[in-house]
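Chains as they are written, first to last, in the numbering used here: chain A, 1 to 307; chain B, 308 to 632. Just so it is clear, CB atoms sit at the ideal spot from N, CA and C, and this is done for glycine as well.
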Amino acid sequence: MSVDTLPPQLPTDAERGEEPPFRILMRAFFRSPVAVAGLVLLAAIVLLALLAPFIAPQNPYDLNQLDIMDSRLPPGSQSMAGMTYWLGTDDQGRDMLSGIIYGLRISLGVGVSSALFAALFGASLGLLAAYIGGRTETAIMRIVDLQLSFPSILVALMILAFLGKGILNVVLALVIVEWATYARAARGTALTERRKEYMEAAESLAIPRWRILFVHLLPNCLPPLIVIATVQVARAISLEATLSFLGLGVPITEPSLGLLVANGYQYMLSGMTWISFYPGVALLITVVAINLVGDRLRDVLNPRGRE
Amino acid sequence: MTAAIVRRLFQAAMVMFAMTVIVFIAVNVIGDPVDILISPDADQIERARVVQALGLDLPLWQQYLRFLQAALHGDLGQSYVYNEPALGVILQRLPATLELAVSAILIAIVVGVPLGLYAGLRPDGIVSRIIMTVSILGFSLPTFWVGLVLIMLFGVQLGWLPSGGRGQTAELFGVQWAFLTKDGLAHLILPSFNLALFDACLILRLTRAGVAEVLPLDYIKFARAKGLKETRVIGIHVSKNIMIPVVTIVGLEFGSIVAFSVVTESVFSWPGMGKLIIDSINVLDRPIITAYLMAIVAFFVIINLVVDLTYTALDPRVRLQGEGS
């Protein structure tokens, strides 16, 4: 193919008087009121987690602010110092509302960072598998299939049984649990993408392989990966909470929402239900908000994907 | 066909072997069991005696060979805590987990299929919309928290049902079962509903999608044109054709129900395998952890093998592919 036959430079979106794709997507996203509600809720939750030290009425880690006399008070009680505990206090006299806001930080942090690392690792392997093919592809996909045939909770449980508690260990376990999902999705998309003409064009221009892989192929595989990443953050948060509830997750010094629920578990049978109940509600709202946004993203980015 | 089966069996054996290596090495990295087993007051001689008795002084690879040789004889070590063979301790807990898992699957089918049928037949009705919204919630709710809410509501506030334990058991085929006694059944209700929730929602959505797909097809129109009663059209013509994916999912989900029973058993203090493994991890009872992991991996390898072989037998495309390569 001679250079002369290359198509002329296409006009940019603005020149054609069209909206850029990103803005079209945004408009489509905002057409669903439920998804917008989810997004607003999610933004509020993220802000709450980020600004925890400025918003929370109390720093639950600061022992000077705690009073053991205030332990296990029902919601709405007054503290000895005149502060109102809107959601009650736990067994160490910590304000539950503050505990939840700080717990959100841990839960969201663990969920987002594990999804991010898993996406980086899994998507790279998936792309490599699709691009290189042959034995490399077979080997990678075998491991993916093997891992996906075991339930996520079981794999995470095994890893944490070996590594022990700790935030980093939980993140590592979640990354190991989740990477396979990204790898499979990335490979699937990349296999269809690499047959397209722009890939052929890039290859015939003798661009270096790594550049083709990361500059040409990767961006075009992103939409489905973004959808998966959103849903996986919710799954990671939920799984982390479950593991922490079982006593295998984060350490007691950095309580996530799941650990807060676990702490209240022993007092539940004596009727002190608020210690477990409200952290669970916070967990539920977070997961539902993320799922609502993720559902809408899937509709917008992949219009054929749903019934 | 035979070659495919042999190759599949070989793969399954390789997975099992790889798992013994991973599990053994990994389990030996967690903490030092000597500290737990021997009281801090014990002298050096006593410590050395116990370490030698458990073989903890040998190099890791020798410990592994000993472990592998014993494992092939069905001996996965002596539990540090129960002082009984680890595999035996786990198998004792198996009936409790099985009865929980089976009742959960049954509940998921009994709840999921009719609701899914209803939602599929009246996709625009208000009730259908409520059913679908609730099913999304069922996916989002973490199992352990639903369990806590169930205990809070039915156990503590209303006091209708017991909130933990397995209750009375009765013997059948030499095994103790809870579902044979009234007390045991009462104890079974909350945990099995808790465990069933996720799969009930899954089956519900599958059934609904199946109905939506089948209803516009010609043979349904024909059945109606013949003047068949609506109950017969739905009960026979629709149901038969939507059951295939549902049955597949029920088979595949059985494994993950057993895995997720870890959570439910911990919430409801149900004395099954799941609660045992969590307790054992907390006290670093290594032989139990190893034996549980080996047993569960074997369980999953067998489930996957059966599913694969069934597909090979049923689906000509898979069969031909297997022979071609």
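#1: Look at the alpha carbon of B/K536 and the alpha carbon of B/V545, and state the distance between them as a whole number of angstroms.
#2: How would you list, in chain order, the residues of chain A whose beta-carbon sits under 8 Å from the beta-carbon of B/N589?
#3: For chain A, is any of its Cβ atoms less than 7 Å away from the one on B/V570?
#4: Taking the beta carbon of A/A52 as the centre, do at least 16 other beta carbons fall within 10 Å, making it buried, or is it exposed?
#5: Going by the beta-carbon positions, is the gap between B/S410 and B/S499 smaller than 7 Å?
#6: May I ask you to list the residues that DSSP assigns as paired with A/T89?
#7: Is it right to say B/P523 is buried, meaning 16 or more other beta carbons lie within 10 angstroms of its own, or is it exposed?
#8: So what does A/P33 bridge to, in DSSP terms?
#9: Examine chain A for any beta-carbon lying closer than 7 Å to the beta-carbon of B/E630, and answer yes or no.
#10: Using a Cβ cut-off of 8 Å, pull out every chain B residue sitting near A/L149, in sequence order please.
#11: Buried or exposed: which applies to A/G134, given that a residue is buried once 16 or more other Cβ atoms fall within 10 Å of its Cβ?
#12: With a cut-off of 8 Å on the beta carbons, I'd call A/I275 and A/M96 a contact; round off their distance for me.
#13: Looking at the structure shown, is B/W484 part of a helix, part of a strand, or coil, going by DSSP?
#14: Could you check where the alpha helix (DSSP H) with B/S499 kicks off and where it finishes?
#15: From the DSSP output, which residues share a beta bridge with B/P392?
#16: I'd like to know whether the C-beta atoms of A/A123 and A/Y182 end up nearer to each other than 7 Å.
#17: Can you check whether the CB of B/P594 is closer than 7 Å to the CB of B/A377?
#18: What residue range is occupied by the uninterrupted alpha helix (DSSP H) comprising B/Q376?
#19: Kindly indicate which three-state DSSP category B/W577 falls into: helix, strand or coil?
#20: Taking 7 Å as the threshold (beta carbon to beta carbon), is A/M96 in contact with chain B?
#21: Please name the residues in the segment 261-281 of chain A whose beta-carbon is closer than 9 Å to at least one beta-carbon of chain B, in chain order.
#22: Which of helix, strand or coil does DSSP assign to A/L51?
#23: What are the boundary residues of the alpha helix (DSSP H) that A/Y182 is part of?
#24: If we ignore side chains and look at the alpha-carbon of each, how far apart do A/L239 and A/S256 end up?
#25: At the 7 Å Cβ level, is B/W577 part of the contact set with chain A, yes or no?
#26: Measure the Cβ-Cβ separation of B/T440 and B/S568 and say whether it is below 7 Å.
#27: Whole-angstrom Cβ separation of A/L148 and A/A236, contact assumed at under 8 Å?
#28: Kindly indicate the opening and closing residues of the alpha helix (DSSP H) around B/Y526.
#29: Please find out if some non-hydrogen atom of the ligand ZN comes closer than 6 Å to the beta-carbon of B/D431.
#30: Which residues in the same chain as A/G111 place their Cβ atom closer than 7 Å to its Cβ, once the five residues preceding and following it in sequence are excluded?
Looking at the coordinates:
#1: Between the alpha carbons of B/K536 and B/V545 lies a gap of roughly 13 Å.
#2: Near B/N589 (Cβ distances below 8 Å), the residues of chain A are G247.
#3: For B/V570, the answer is yes, since a Cβ of chain A falls inside 7 Å of its Cβ.
#4: Answer is buried; the Cβ neighbour count reaches 16.
#5: B/S499 is positioned such that its CB atom lies closer than 7 Å to that of B/S410.
#6: Paired residue(s): A/D95.
#7: Around the Cβ of B/P523, a 10 Å sphere holds fewer than 16 other Cβ atoms; the residue is exposed.
#8: Bridge partners of A/P33: none, in fact.
#9: Because the pLDDT of B/E630 is 47, which lies under 50, any placement of that residue in the model is unreliable, and the number read from its coordinates should be weighed accordingly. It does not; no Cβ of chain A falls within 7 Å.
#10: The question names Leu, yet the displayed sequence has Ser at residue 149 of chain A. Think of a sphere of 8 Å around the beta carbon of A/S149: the chain B residues whose beta carbon falls inside it are F607, N611, in chain order.
#11: That one is exposed.
#12: A/M96 and A/I275 do touch by the CB rule: their CB atoms are close to 7 Å apart, below 8 Å.
#13: The DSSP-derived three-state label of B/W484 is strand.
#14: Start and end: 489-521.
#15: Looking at the DSSP output, B/P392 shares a beta bridge with B/Q385.
#16: Using a Cβ distance threshold of 7 Å, A/A123 and A/Y182 count as a contacting pair.
#17: No, Cβ-Cβ distance for B/A377 and B/P594 is not below 7 Å.
#18: It spans 367-379 - the alpha helix (DSSP H) in which B/Q376 sits, taken as one unbroken run.
#19: In this structure, B/W577 counts as coil in the three-state DSSP scheme.
#20: Cβ-Cβ to chain B under 7 Å: no for A/M96.
#21: Cβ contacts with chain B: V261, A262, G264, Y265, M268, L269, S270, G271, T273, S276, F277, P279, G280, V281.
#22: In the three-state DSSP reduction, A/L51 falls in the coil class, being neither helix nor strand.
#23: Where A/Y182 is concerned, the enclosing alpha helix (DSSP H) stretches over 167-193.
#24: About 12 Å.
#25: Answer no: the Cβ-Cβ gap between B/W577 and chain A never drops below 7 Å.
#26: Their beta carbons are not under 7 Å apart, which means B/T440 does not touch B/S568 by this criterion.
#27: Cβ atoms of A/L148 and A/A236 stay farther apart than 8 Å, at about 16 Å.
#28: For B/Y526, the enclosing alpha helix (DSSP H) has its first and last residue at 525-532.
#29: This structure lacks the ligand ZN, and indeed carries no ligand of any kind.
#30: Around A/G111: V233, A236, I237, E240.
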